[in-house]
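The structure appears right after this line, and notes come after that.
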Amino acid sequence: MKIKINEDNCIGCGYCEGVCENVFEVVDGCSTVKVEEVPVEYKDNVVDAIESCPTSAIEEIKD
Ligand code: SF4
């Protein structure tokens with residue numbers, strides 16, 4: 001699973017970082033993705049972040 005942040009939509013609320021700090025980090029008011037590929041053990045947390053992000057700024061990259 002690969003993901004990216006739509007920087008135009010992210011409001012830097014920090015929810016994603018709170019739910020999975022090993023994958024997301026908010027830098028200068030915008031979330032960044034710290035990993036190329038989401039480790040399987042964090043997938044459920046990342047899906048939570050995707051579904052709960054208030055601006056739908058996290059997108060799964062489909063190959
Ligand atoms: S939950 Fe969404 S809006 Fe909030 S910091 Fe993460 S990507 Fe940005």
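So the sequence shown is numbered by the numbering used here: it starts at 1 and just counts up by one. Cβ coordinates follow ideal geometry from the N, Cα and C atoms, glycine included. Please read all numbers here as calculations on a predicted model, not as lab measurements.
Would you report the Cα separation of E59 and C20, rounded to the nearest angstrom?
For E59 and C20, the distance between alpha carbons rounds to 15 Å.
Among E25, E7, K4, which one has its Cα closest to the Cα of G14?
Comparing alpha carbon positions, the residue from E25, E7, K4 closest to G14 is E25.
Starting from S56 and walking both ways along the alpha helix (DSSP H), at which residues does that stretch end?
Taken as a continuous stretch (DSSP letters only), S56 belongs to no alpha helix (DSSP H), as it is neither H nor E.
Does DSSP put K43 in a helix, a strand or coil?
It is helical.
Would a C-beta distance cut-off of 8 Å place E37 and K62 closer than the cut-off?
No. Outside cutoff.
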